[in-house]
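Residue numbers (my numbering): 52 to 221.
Only one structure is covered here, and it is reproduced in the block below.
What follows is the structure, encoded as structure tokens:
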């Protein structure tokens, strides 16, 4: 059970959440066998076990959307000087991801592409995945600053924002 507790702790604490304020939801055929012990180890007071936990796990696999994800490393500062290059990379990854799904006989018209940038402040190692409705660098920056403040409670306005990598999901 401790092996299952570690990633839950890492993910919740890494995102600034107190796991004790949340409900543990379990799934899968054996989820209910471990749920109470895991909740106790994590200091959580409530466990949610759906009567369809095992069915939902298998059903979820059957109903899940097919997704092709691509990303590449960058390390560039997000600014107007290199923004056209970043857009070119996002567009290339979008086209490649769409082409891969078309090869699997999915209709090009039904494919939705979402573009992301993994952004972080220079000198930090925590990148946040940001998406934007537009293709302007400023909109990605605004979203990053808002998410960073929500998650960490402060911002670093004097530090450049680094693009850890462009990322697409088609």
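All residues carry an ideal CB built from backbone N, CA and C; glycine is no exception.
Sub-8 Å separation of residue i and residue j beta-carbons
i, j, result
"residue 209", "residue 122", "no"
"residue 168", "residue 203", "no"
"residue 220", "residue 165", "yes"
"residue 159", "residue 175", "no"
"residue 170", "residue 129", "yes"
"residue 213", "residue 195", "no"
"residue 163", "residue 152", "no"
"residue 124", "residue 185", "no"
"residue 172", "residue 144", "no"
"residue 104", "residue 52", "no"
"residue 95", "residue 73", "yes"
"residue 200", "residue 181", "no"
"residue 157", "residue 117", "yes"
Boundaries of the beta strand (DSSP E) in which residue i is found, first to last residue
i, result
"residue 171", "165 to 172"
Residues bridged to residue i [DSSP beta-bridge criterion]
i, result
"residue 216", "169"
"residue 181", "168"
Residue from the options whose Cα sits closest to the Cα of residue i
i, options, result
"residue 71", "83, 80 and 56", "56"
"residue 83", "95, 171, 68 and 101", "101"
"residue 90", "81, 79, 104 and 75", "75"
"residue 66", "178, 126, 98 and 144", "178"
"residue 99", "87, 92 and 154", "87"
"residue 132", "77, 188, 155 and 115", "188"
"residue 97", "114, 77 and 110", "77"
"residue 112", "58, 79 and 64", "79"
"residue 85", "140, 63, 62 and 54", "54"
Continuous alpha helix (DSSP H) stretch holding residue i: start and end
i, result
"residue 59", "53 to 65"
"residue 190", "188 to 203"
Report task. Entirely within the segment 69 to 138 and at least 3 residues each: give me those beta strand (DSSP E) ranges in chain order. Result -> The segment 69 to 138 contains these whole beta strand (DSSP E) runs: 74 to 77, 97 to 100 and 120 to 122.
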